Amino acid sequence: MLRQVLHAGLRTSFHALGRFVASHPVFFASAPVLLSILLGASFSRYRVEEDVESLLAPKHSLAKIEGNLVESLFPVNRSKHALYSDLQTRGRYGRVIVTAAKGSVLDPAHLDTILTVHDSTFCLAAMHWVSFRQSKLF
Numbered sequence: 001m002l003r004q005v006l007h008a009g010l011r012t013s014f015h016a017l018g019r020f021v022a023s024h025p026v027f028f029a030s031a032p033v034l035l036s037i038l039l040g041a042s043f044s045r046y047r048v049e050e051d052v053e054s055l056l057a058p059k060h061s062l063a064k065i066e067g068n069l070v071e072s073l074f075p076v077n078r079s080k081h082a083l084y085s086d087l088q089t090r091g092r093y094g095r096v097i098v099t100a101a102k103g104s105v106l107d108p109a110h111l112d113t114i115l116t117v118h119d120s121t122f123c124l125a126a127m128h129w130v131s132f133r134q135s136k137l138f
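Under the numbering used here, the first residue of the sequence shown carries the number 1, and numbering increases by one thereafter.
Next up, the structure:
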């Protein structure tokens, strides 16, 4: 008896719902799309947090204070974020790239050679063209 009453009630209500959906097809076809666009557009206000440290540690926590202290005492080389052309001033430059065929560059034999090249490089002297011409005149 209860099953028949529930079955009749559900059948009547779903029949009415079907008639309503069939009589308004544009609304039921466009409403999910519009609702998705509106809900998706609300995510544009959120920004992606790139600093993981702010997500894991409170703003004034001891770990954050110690991290700032370590960063101030031992600064990280952030040259990979800067342009190489910003580091140079006008003039001529040379580069020496040292590699070791066998072993490490820090082996004592290689290290002595590197230090010799370093010393001889810094002992190089360059004269300006004006001072060079004046020295030839006298």
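Every residue, glycine too, gets a C-beta built ideally from N, C-alpha and C. Bear in mind that the values here come from a model prediction, so they are computed numbers and not experimental data.
Look at the alpha carbon of Ile37 and the alpha carbon of Phe74, and state the distance between them as a whole number of angstroms.
Along the sequence shown, read from residue 1 onward, the residue named residue 37 stands at position 37. Along the sequence shown, read from residue 1 onward, the residue named residue 74 stands at position 74. Cα to Cα, the separation comes out at about 48 Å.
Helix, strand or coil: which one does DSSP assign to Ser23?
Start at 1 with the first residue of the sequence shown, and residue 23 comes out as number 23. Correct three-state label for Ser23: helix.
Quick check: the Cα distance between Glu50 and Ala57, rounded to an integer number of angstroms?
Start at 1 with the first residue of the sequence shown, and residue 50 comes out as number 50. Start at 1 with the first residue of the sequence shown, and residue 57 comes out as number 57. Rounded to the nearest angstrom, the two C-alpha atoms are 14 Å apart.
Report the residue from Thr121, Ala63 and Leu34 whose alpha carbon sits nearest the alpha carbon of Gly94.
Sequence index remark: in the sequence shown, residue 94 carries index 94 (1-based). Measuring from the Cα of Gly94, the nearest candidate turns out to be Thr121.
Using the Cα positions of Pro25 and Ser42, report the straight-line distance between them to the nearest angstrom.
Sequence index remark: in the sequence shown, residue 25 carries index 25 (1-based). Sequence index remark: in the sequence shown, residue 42 carries index 42 (1-based). If you take the alpha carbons of Pro25 and Ser42, they lie about 27 Å apart.
Span separating the alpha-carbon of Ile114 from that of Val76
Along the sequence shown, one-based indexing puts residue 114 at 114. Along the sequence shown, one-based indexing puts residue 76 at 76. Distance between the alpha carbons of Ile114 and Val76: 25 Å.
Rounding to the nearest angstrom, what Cα-Cα distance links Ser23 and Pro32 in this structure?
The count along the sequence shown starts at 1 and reaches residue 23 at position 23. The count along the sequence shown starts at 1 and reaches residue 32 at position 32. Roughly 17 Å separates the two Cα atoms.
Runs of alpha helix (DSSP H) lying entirely within the stretch 48-73, each at least 4 residues, in chain order
52-56 and 62-73
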